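Mapping of the sequence shown onto the UniProt record's numbering: residues 1 to 102, in sequence order.
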Amino acid sequence: MHKLAHEDGELATARAAEKHGSVMILSTLSTCSMEEVVEAAPNAVKWFQLYTYKDKNLTKSLIGRAEKAGFKALVLTVDLPGVHGIRYKNIKNNFILTSHLQ
């Protein structure tokens, strides 16, 4: 969701990580695709933060895409029962991601 802060979103973050020799960790729920991030910063060290889904084929597909794109590690999020569950704070705060970021 980096595009909420900057129009280049995760692409800018990846470029900065590459420039400064840091690791870029891309979220499953990012506003830029894995492939776009790799193109923007081909020499950055990239890890992929993975939410696991009930649909195991979707999870496997994400892992395969990350591997193919050159991501070197998976960062597993294991404390959520479901990625798209009810997010009460978002409801309370009336948070809605604008359509161009979805």
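All C-beta atoms, glycine included, are put in the ideal place defined by N, C-alpha and C.
Computed from a prediction, not measured in an experiment: that's the story for all the values here.
Go ahead and pull the three-state DSSP assignment for residue i.
i, result
"residue 105", "This structure does not reach residue 105, given that the chain is present from 1 up to 102, and the question cannot be answered."
"Lys46", "strand"
"Met34", "helix"
"Leu29", "coil"
Considering only the alpha carbon of each residue, which of the options lies closest to residue i?
i, options, result
"Ala12", "Ala73, Val38 and Gly64", "Val38"
"Glu36", "Thr77, Lys60, Lys54 and Glu10", "Glu10"
"Cys32", "His2, Lys54 and Ala16", "His2"
"Gly21", "Val45, Ser30 and Thr28", "Val45"
"Phe48", "Lys19, Thr59 and Glu7", "Thr59"
"Lys19", "Leu29, Asn43 and Phe71", "Asn43"
Using the rule of at least 16 other Cβ atoms within 10 Å of the residue's Cβ for burial, across every protein chain shown, is residue i buried or exposed?
i, result
"Leu26", "buried"
"Lys68", "exposed"
"Leu50", "buried"
"Ser61", "exposed"
For the putative contact between residue i and residue j, defined by C-beta atoms under 8 Å, what is the C-beta separation to the nearest angstrom?
i, j, result
"Ala41", "Met24", "7 Å"
"Ile63", "Leu74", "7 Å"
"Met34", "Arg65", "6 Å"
Just reading off the alpha helix (DSSP H) that residue i is part of, what are its end residues?
i, result
"Gly64", "Lys56 to Ala69"
"Glu10", "Glu10 to His20"
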